[in-house]
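Residue numbers (our numbering): 2 to 468.
Virtual Cβ for every residue (Gly too), placed ideally from N, Cα, C.
What you are looking at is a predicted structure, and each value in this text was computed from that prediction instead of being measured.
Step one of this worksheet: look at the structure below.
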Ligand code: URP
Ligand code: ZN
Ligand code: ZN
């Protein structure tokens with residue numbers, strides 16, 4: 002594999018910020034230092050990174066590529082989704098394999114590995130979605146953690162009849178992670194209450210997209226978040242709340258953390274930058290934002306930013322789950338409950354968070370890297386191989402130009418979906434070059450990598466306890 006030296010860039014990790022050269026060989030970071038001598042570090046390619054941030058590649062621990070859901074399949078597969086991720090500076094993802102009822106987790110893992118194999122542009126791992134848990138399933142959880150590098154499990158307190166499991170199942174899974182070292186990730190919304198509210202709305206003829214949000218109150222997220230944390234406390238294990246959207250839920254995480262409990266949570270850019278108002282857009286446009294949990298009233302955004310600042314939220318992921326307006330979102334034209342849940346975001350995470358977080362003074366560059374790369378790596382057993390720039394780490398590196406402007410939209414982005422929630426928004430700062438495992442894969446706005454170069458990541462155990 003050709004070697005590469007990145008000269009004069011501003012190296013930013015979760016803890017450091019200094020100007021240096023980074024020498025990459027055999028897909029790894031092999032040396033870092035000021036003015037590395039050319040006679041000792043002979044590289045096949047030299048890249049001048051003056052004026053640019055040299056950051057560890059983004060790690061998105063919440064994506065749904067090629068996912069059957071809501072009567073259709075998410076619009077990005079592992080080729081288009083990971084290529085779009087790379088354009089946005091993300092060099093690893095953790096997607097979700099789904100164990101459907103009556104099927105084994107082994108089967109689910111095989112299916113999802115087949116979906117990704119030979120297609121991915123960047124490295125990928127999997128969480129396992131668990132929809133039932135007989136005794137044999139408990140043993141499968143052990144095997145996944147021990148033998149397969151699947152060290153986290155997502156359970157749902159919502160979507161009755163599809164993914165939702167009861168408290169006993171959740172408790173069994175939590176207890177088992179106490180023995181096998183896995184981590185439970187929770188979709189925390191009270192699915193029973195929401196289902197009743199949905200039926201009531203439809204009875205009243207309330208079918209427009211905005212009723213998706215109005216039937217999923219933030220209290221339903223807060224209640225489920227508190228319950229999930231209480232179940233984890235009783236089981237004596239850590240818990241990770243996914244796609245946290247609301248102040249009510251954050252309050253439960255904060256209370257738990259103040260008590261010293263190992264409760265962790267991620268939020269996503271859509272909850273930081275979009276709001277309930279988007280559901281009021283004309284016609285059927287509100288469907289673009291139908292996701293669960295839904296977008297909240299604007300004031301929740303400030304509370305989430307504060308949560309990021311105080312480390313009550315430790316990760317920013319995307320929950321990338323795109324569905325086209327044509328033919329997919331329209332499945333719910335006459336009934337909001339039939340609109341497939343999810344929105345695109347895999348490509349826009351770093352630029353949005355840099356623009357709205359770093360440039361606006363809400364966080365510094367170290368925290369930006371920590372939230373989007375380092376803590377995701379630690380939380381999900383990828384650190385220090387991923388999530389930092391250090392000798393011996395994978396050479397997953399983003400050259401991020403803080404002054405490079407980008408106008409977000411369907412025409413400029415690469416996700417295979419016919420709308421963008423941020424259409425027309427101009428962000429300052431975007432990746433100028435992306436390197437994955439020592440190879441340049443994005444240059445001059447073009448993908449120059451090779452489909453299938455992304456490798457399956459067998460992950461280790463979470464370092465959550467140290468966070
Ligand atoms: O609306 C969403 N979030 N779709 C993806 C599935 C999930 O719950 O994460
Ligand atoms: Zn979810
Ligand atoms: Zn999701």
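1. Should residue 222 and residue 266 be called a contact, given that it needs their Cβ atoms to be closer than 8 Å?
2. Per DSSP, what kind of secondary structure is residue 9 in: helix, strand or coil?
3. Is it true that the CB of residue 139 sits closer than 8 Å to the CB of residue 238?
4. What whole-angstrom Cβ distance do residue 393 and residue 29 have, given they're in contact under 8 Å?
5. With a threshold of 7 Å, establish whether the CB of residue 244 neighbours any heavy atom of ligand 3.
6. Pick helix, strand or coil for residue 297, following the three-state DSSP scheme.
7. From residue 289 to residue 408, what does the alpha carbon distance come to, in whole angstroms?
8. In the DSSP assignment, what are the bridge partners of residue 32?
9. Is it true that the CB of residue 305 sits closer than 8 Å to the CB of residue 280?
10. Does ligand 1 have even one heavy atom less than 7 Å from the beta-carbon of residue 325?
11. Does residue 242 come within less than 8 Å of chain D when only Cβ atoms are used?
12. For residue 434, name the three-state secondary structure that DSSP assigns.
13. Tell me whether the beta-carbon of residue 117 lies closer than 8 Å to the beta-carbon of residue 125.
14. For a test of the three-state rule: what should DSSP assign to residue 257, helix, strand or coil?
15. Thinking residue 60 and residue 388 are a contact (beta carbons under 8 Å), I'd like their distance in whole angstroms, please.
16. Give me the Cα-Cα distance between residue 218 and residue 245, rounded to the nearest whole angstrom.
17. Is DSSP giving residue 382 helix, strand or coil here?
18. Let me check one thing: in DSSP terms, what residues is residue 100 bridge-paired to?
19. Just reading off the alpha helix (DSSP H) that residue 195 is part of, what are its end residues?
20. What are the uninterrupted segments assigned as alpha helix (DSSP H) that are 4 or more residues long and contained completely in the region 399-454, given in chain order?
21. For a test of the three-state rule: what should DSSP assign to residue 370, helix, strand or coil?
22. Run through DSSP, which three-state label would residue 140 get?
23. Is the Cβ-Cβ distance between residue 161 and residue 183 less than 8 Å?
24. Any idea what DSSP makes of residue 19, helix, strand or coil?
25. On the CB-based measure, 16 or more other CB atoms within 10 Å of its CB, does residue 297 come out buried or exposed?
26. Classify residue 153 as helix, strand or coil using the three-state DSSP reduction.
The structure says:
1. no
2. strand
3. no
4. 6 Å
5. yes
6. coil
7. 19 Å
8. 24
9. no
10. no
11. No chain D is present in this structure, which holds just one protein chain.
12. strand
13. yes
14. helix
15. 6 Å
16. 13 Å
17. coil
18. 131
19. 192-204
20. none
21. helix
22. helix
23. no
24. strand
25. buried
26. strand
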